[in-house]
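Novice: The sequence shown lines up with residues 43 to 497 when you count with the numbering used here.
Every residue gets a Cβ at the ideal spot worked out from N, C-alpha and C, and that includes glycine.
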Amino acid sequence: MRAYDTIAAISTAVGESGVSIIKVSGDRSKEIVSKIFRIKNKTDFMEAAPWTIQYGHIIRPDGEIVDEVLVSFFQGPKSFTAEDVVEINCHGGRVATESVLNEVFQAGARPAEPGEFTKRAFLNGRIDLSQAEAVIDIIQAKTVLSMKAALEQSGGKLSAEIKEIRDSILNLLAFIEVTVDFPEEDLEFTTGQEVSEKLSGLLQKVASLIRTSEEGKIIRDGLSIAIIGKPNVGKSSLMNALLKENRAIVTDIPGTTRDIIEEYLNIDGIPIKITDTAGIRETDDVVEKIGVDRSKSKIDEADLIVFVLDSSRPLDQEDKDIIKYIKDRKIVTLINKVDLEEKLNLEGYDLGETIQVSALNGFGLNELKDKIKKLFFHGQVEAKDYMVTNRRHKEALMRANEKMYAAKTAIDQGISLDLAAIDLNASWNYFGEITGDTLSEDLVDKIFSDFCIGK
43 MRAYDTIAAI
53 STAVGESGVS
63 IIKVSGDRSK
73 EIVSKIFRIK
83 NKTDFMEAAP
93 WTIQYGHIIR
103 PDGEIVDEVL
113 VSFFQGPKSF
123 TAEDVVEINC
133 HGGRVATESV
143 LNEVFQAGAR
153 PAEPGEFTKR
163 AFLNGRIDLS
173 QAEAVIDIIQ
183 AKTVLSMKAA
193 LEQSGGKLSA
203 EIKEIRDSIL
213 NLLAFIEVTV
223 DFPEEDLEFT
233 TGQEVSEKLS
243 GLLQKVASLI
253 RTSEEGKIIR
263 DGLSIAIIGK
273 PNVGKSSLMN
283 ALLKENRAIV
293 TDIPGTTRDI
303 IEEYLNIDGI
313 PIKITDTAGI
323 RETDDVVEKI
333 GVDRSKSKID
343 EADLIVFVLD
353 SSRPLDQEDK
363 DIIKYIKDRK
373 IVTLINKVDL
383 EEKLNLEGYD
393 LGETIQVSAL
403 NGFGLNELKD
413 KIKKLFFHGQ
423 VEAKDYMVTN
433 RRHKEALMRA
443 NEKMYAAKTA
453 IDQGISLDLA
463 AIDLNASWNY
473 FGEITGDTLS
483 EDLVDKIFSD
493 FCIGK
């Protein structure tokens, strides 16, 4: 980041809307906006009190009006970036918004880089890195539950847990250092026992955090479910019934769905990416073969396979080939078309949980949803006070946990406290990667580069 630059960008989605917001941040934000903003009562914007809104117009140097606006001033450090921030509320629409933004640039601001506003909030100490990452999770949240989890992280609950653990490790390191520095006191054995006991408690706390990561990942990113089965067993009808809309083509012609269809479904707050695959079968049709290959790829990536069989048709070789392909995977088998005469016999086949459904009239779909919740959330779906939802955080926790365990093992085996301290120090650094205290500048830059401009 270029130090002391004043940056500007559109903070709202670009397109037709009632209002757009242009954010300006930096030491010169108020000065820059005052060059192009004329308050209706003719007072100078430089004299405007912080945390107030002023009504007026953005004007060009020749006095031409660009747009009618409301402008607010947030004085640092009590702003999102901890710098002086000006927000211009102008009319929505690409032309109006970009015209105002262009005047801001002409007055002296530069275009913000992706994620630069949030990055400045982090670098200026207003938020830590895990809170900064939660900003993008809030924006991308697919359900109320994923939004709630992101808000908890943004509020600093995970950060507080990590800080408490880091402080405890730092105290242990200080305790060890005193013992090593004063060997004449003969405290090493007593210190080793005490450190080992405290590490046991910390390891339990970290293990509890890591356990939340599987559910946390699902709440943040969603479950990936692939609907599979031979052609014309009702996969597309099932997807349409779950989505309550005609998203997939439904006909009596086998192989109609030749491409992958993906949609998101919300089951009690769990975002679910549900994929209606092309039927899996041998085919000479080039286009359908591409669809079959893609289906197999989606099956390999899925968290759960929903295998659909037709109750009105006997098991045939195509069904058996699919059963062979998905063995050892987490599956739920749906026996569809139960409203028709039953001809299906599954004796001798282990197909996991089996549910009878009718995609045509919705029978059995609630049972399927309950089964999904039970498989991944033990039937209860809720966001805890703090939850690890970010893969980077989980990896850092696991590395930190490994080093803490190594330190405890060394102490329990009577190895020098000096060596245990090396592992403890490494774990302290890994915990710091979560909050950004010990992360390299290159990695910080990479994290913020994934943000959109204006955030």
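Can you tell me the Cα-Cα spacing of F147 and I495, whole angstroms?
Specialist: Answer to the nearest angstrom: the Cα atoms are 15 Å apart.
Novice: Could you tell me the distance, in whole angstroms, from the CA atom of E194 to the CA atom of L200?
Specialist: Going by the C-alpha atoms only, they are around 8 Å apart.
Novice: Out of D109, L143, I74, state which residue places its alpha-carbon closest to the alpha-carbon of F115.
Specialist: Nearest C-alpha to F115: I74.
Novice: Helix, strand or coil for Q455 per DSSP?
Specialist: Here Q455 sits in coil by DSSP.
Novice: To which residues does DSSP link G98 through a beta bridge?
Specialist: Paired residues: I81, V111.
Novice: Could you tell me if R44 is buried or exposed, where buried requires 16 or more neighbouring beta carbons within 10 angstroms of its beta carbon?
Specialist: Because R44 carries a pLDDT of 45, less than 50, the predicted location of this residue cannot be relied on, and the following value inherits that uncertainty. Exposed: under 16 other Cβ atoms inside 10 Å.
Novice: Please classify I181 as buried or exposed, where buried requires at least 16 other C-beta atoms within 10 Å of its C-beta.
Specialist: Exposed, by the Cβ-count rule.
Novice: Would you report the Cα separation of N282 and G68, rounded to the nearest angstrom?
Specialist: For N282 and G68, the distance between alpha carbons rounds to 50 Å.
Novice: If you follow the alpha helix (DSSP H) that E505 is in, where does it begin and where does it stop?
Specialist: Nothing can be reported for residue 505, as the shown portion of the chain is limited to 43 through 497.
Novice: Using the C-alpha atoms, what's the distance from L244 back to T254?
Specialist: Computed Cα separation, rounded: 16 Å.
Novice: Are the beta-carbon atoms of I100 and D109 separated by less than 8 Å?
Specialist: Yes, the Cβ-Cβ distance between I100 and D109 is below 8 Å.
Novice: Check for me: the beta strand (DSSP E) holding A50 runs from which residue to which?
Specialist: From DSSP, the beta strand (DSSP E) with A50 extends over 49-52.
Novice: Among W470, G234, S172, D479, which residue has its Cα nearest to the Cα of Y428?
Specialist: Considering only alpha carbons, the answer is S172.
Novice: With 8 Å set as the bound, which would you pick, yes or no: does the beta-carbon of G118 sit closer than that to a beta-carbon of chain B?
Specialist: In the structure shown, chain B does not exist; there is a single protein chain.
Novice: Along the chain, where does the beta strand (DSSP E) containing D352 start, and where does it finish?
Specialist: 346-352 is the span of the beta strand (DSSP E), which, as asked, contains D352.
Novice: Would you decide whether V380 is buried or exposed? Buried here means 16 or more other CB atoms lie within 10 Å of its CB.
Specialist: Result: buried.
Novice: Applying the criterion that 16 or more other CB atoms from any shown protein chain within 10 Å of the CB defines a buried residue, is E158 buried or exposed?
Specialist: By the neighbour-count rule (16 or more Cβ atoms within 10 Å), E158 is buried.
Novice: State the DSSP-derived secondary structure class of L502, mapped to helix, strand or coil.
Specialist: Given a span of 43 to 497 for the chain in the structure shown, any question on residue 502 remains unanswerable.
Novice: With H, G and I counted as helix, E and B as strand and the rest as coil, what does DSSP make of N443?
Specialist: It is helical.
Novice: For I204, which of F473, F490, G404, E483 has the nearest alpha-carbon?
Specialist: Answer by Cα proximity: F473.
Novice: Whole-angstrom Cβ separation of V111 and I130, contact assumed at under 8 Å?
Specialist: Going by Cβ atoms, the distance from V111 to I130 rounds to 5 Å, so yes, they are a contact pair.
Novice: If contacts are defined as beta-carbon pairs under 8 Å, then L382 and S353 qualify, I think. What distance do you get, rounded to the angstrom?
Specialist: L382 to S353, Cβ: 6 Å. Contact.
Novice: For a quick check, are the C-beta atoms of D170 and T480 less than 8 Å apart?
Specialist: Result no, Cβ atoms of D170 and T480 do not sit closer than 8 Å.
Novice: Using 10 angstroms around the beta-carbon of L485, count the other beta-carbons present and answer buried if the total reaches 16, otherwise exposed.
Specialist: That one is exposed.
Novice: Going by other Cβ atoms of all chains shown within 10 Å of its Cβ, with 16 needed for buried, is E239 buried or exposed?
Specialist: Classification of E239: exposed, given that the 10 Å Cβ count is below 16.
Novice: Could I get the ranges of all uninterrupted alpha helix (DSSP H) runs contained in the region 240-295, with 4 residues as the minimum, in chain order?
Specialist: Within the region 240-295, the complete alpha helix (DSSP H) runs of at least 4 residues are 277-285.
Novice: Identify which residue in V329, N274, L251, K184 has its Cα closest to the Cα of D263.
Specialist: If we check each option's Cα against that of D263, K184 comes out closest.
Novice: Using only alpha-carbon positions, find the residue among A344, E343, T319 that is nearest to I332.
Specialist: Among A344, E343, T319, the Cα nearest to that of I332 belongs to T319.
Novice: Between the alpha carbons of D501 and L212, how many angstroms are there, rounded?
Specialist: It is not possible to answer for residue 501, since the shown part of the chain is limited to 43 through 497.
Novice: Please state the DSSP three-state secondary structure of F116.
Specialist: Strand.
Novice: Name the one or two DSSP bridge partners that T396 has.
Specialist: T375, per the DSSP bridge assignment.
Novice: Are the region 122-140 and the region 51-67 touching, with three or more C-beta to C-beta distances below 8 Å?
Specialist: Yes, they touch.
Novice: Going by other Cβ atoms of all chains shown within 10 Å of its Cβ, with 16 needed for buried, is E58 buried or exposed?
Specialist: Burial call: exposed.
Novice: What would DSSP say about D326, mapped onto helix, strand or coil?
Specialist: In this structure, D326 counts as coil in the three-state DSSP scheme.
Novice: How would you call D345, buried or exposed, if buried means at least 16 neighbouring beta carbons within 10 angstroms?
Specialist: So D345 ends up on the buried side.
Novice: Per DSSP, what are the beta-bridge partners of P313 in this structure?
Specialist: In the DSSP output, where bridge partners are listed per residue, P313 has N308.
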